Every structure is written in structure tokens, then in C-alpha cells.
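As C-alpha cells, the structure follows; a few thoughts come after it.
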Amino acid sequence: DQQVKQNSPSLSVQEGRISILNCDYTNSMFDYFLWYKKYPAEGPTFLISISSIKDKNEDGRFTVFLNKSAKHLSLHIVPSQPGDSAVYFCAASAKNFGNEKLTFGTGTRLTIIP
Amino acid sequence: DVKVTQSSRYLVKRTGEKVFLECVQDMDHENMFWYRQDPGLGLRLIYFSYDVKMKEKGDIPEGYSVSREKKERFSLILESASTNQTSMYLCASRTPGLAGGPTDTQYFGPGTRLTVL
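Residue numbers (the numbering used here), protein chains in the order written: chain A, 2 to 115; chain B, 56 to 172.
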């Protein structure tokens, strides 16, 4: 039972354009969401997060949007740069479980075309 | 900077062998985690530990056990390795905090790619 879903396994975007990565979840208990970025042969690194009390969080070129009614979040990268080429995982946690446990999506491989 | 290290980057073992994967973190984090990453399946939680000598099963604990004797070290044990345990294994650590805060972030090691023949 995949509680966090990333339906696009891959995405290609021209350099300078906007990259939009999507994530859907099914568990209404999730109240904290994160995006991780992973390069080959490295561990995932934290990118940006959002609490369920917000609908938007911005950090430089990265913005995460949360639509709780649709159980959907998205990561916007603008402008996209070649160094953004990586696999992106969204993840979710729930306060009533102490937020220790993250449930990850299956990942989206983003390729930025120069 | 948080540093999470894993004992091996690449490991090749034979079916039936006992395998130890070691993870060490240097930030005095209470929580530690073991995941495996497989194509099309994302990261799946095997086991985690709230603190020393404490452990909890994750989503796919079958065929694995763990040990946490010291705060900085979390070991994953494959009692009798099988070919379906060929995977990338990732360790992570975290300090518990208020929900929505930066301390909810998990920090990952570089991973161990295990091949079981």
C-alpha cells in the first residue's frame, strides 16, 4: 500500500525553465512533508519541507506547495539548472507517531537539458 | 555539519552468509534508521531506533535485525543473506523535535550497495 505516490518516474526540463515535481498522499494523518534530492552513489539530502498548517514554503529557487484537500504537494524549481538533475523523493510524517518515521515516495528522476 | 558514515560503499556476499552493515553518526542524534532503496519502490524503512538499545520494526523488517549498543552506532544484520536482499542500503539519523521544525530532518549516509550472489 503506497501511501506516498510520485506518479512520474522521470521528467526532462530545459535549463532555465520551471521544473514541477508532483506528489500525492493518501494518509490524512500526515502533517509534515519533505523533499529530498539524491545524486547517484550518494545518500539523499534534505531540500525543503512544509508543515500542514501552511500551503506554501519558499527557499531560493525551490518552492513547495501543499493542497491538503487534494492530498497533493508539488515542488517547483525555477529557474532549473543542470546541477538540479537528480532523483527527487517526497516524504511525509505524522505527529501522532512522533514524526520519527518518514514514508517516502518512489522518486522522480529529473533531467535538466542544457 | 552532520556526518553519517557507512562502513562500506560496495559489498558482495554469498547466499546464506551473515552480513553486518555498520552506520555511525557524529551529531549525538537519538534516532537512527535503516532503509533500502530499490528501483520503482523508493526508500522503504527496515528498522529504526529511538535511542540506545531501543528498536522498532519498520515496513519491511523480515530477514533483518538491528543492534544499537552505543548512541552513535546502528548496525543492520542480515542473518542469512538472500538474493532478494540485493539492494542499496541507506542509514539516517535525526534529533526529535517539534513537528514542522528543522530537527525533523533525517540526515543520510552515502549508502552501501550490497550484492548477494
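Think of the CB as a built atom: it goes at the ideal place given N, C-alpha and C, for glycine as much as any other residue.
Fair warning: this is a prediction, and the values are worked out from it, not measured in the lab.
Close CB contacts of Ser11(A) within its chain, under the 6 Å cut and outside five residues either way in sequence, are with Arg110 (chain order). Taking Gly108(A) as the centre and dropping the five residues before and after it, the same chain places the C-beta of Gln7, Pro10, Lys39, Val88, Tyr89 and Phe90 closer than 8 Å to its C-beta, in chain order. Neighbours of Leu98(B) in chain A, taken as residues at a C-beta separation under 7 Å, are given in chain order as Phe90 and Phe105.
Classified as buried, Gln80(B) has 16 or more neighbouring CB atoms from the shown chains inside 10 Å of its CB. In this chain, Leu96(B) is not harboured by any beta strand (DSSP E), its DSSP state being neither H nor E.
With a threshold of 16 other beta carbon atoms within 10 Å, Pro45(A) meets it and is buried. Among the CB atoms of chain B, one or more fall inside 7 Å of the CB of Gly108(A).
Among the residues facing chain B, Pro83(A) is not included, as its CB has no counterpart in that chain under 7 Å away.
Excluding the 5 residues flanking it on each side, Ala92(A) has same chain C-beta neighbours closer than 6 Å at Leu35, Leu103 and Phe105, in chain order. If you check each beta-carbon in the segment 43 to 61 of chain A against every beta-carbon of chain B, the ones closer than 9 Å belong to Glu43, Gly44, Pro45, Thr46, Phe47, Ser50, Ile51, Ser52, Ser53, Ile54 and Lys55.
Counting only residues of its own chain and dropping the five nearest sequence neighbours on each side, Val107(B) has a CB closer than 8 Å to the CB of Arg123, Glu124, Lys125 and Lys126. By the 16-neighbour rule on beta-carbons within 10 angstroms, Tyr33(A) is buried. Excluding residues up to 5 positions away in sequence, Thr170 and Leu172 lie with their Cβ nearer than 7 Å to the Cβ of Val67(B) in the same chain.
Not a single C-beta of chain B is nearer than 7 Å to the C-beta of Glu16(A).
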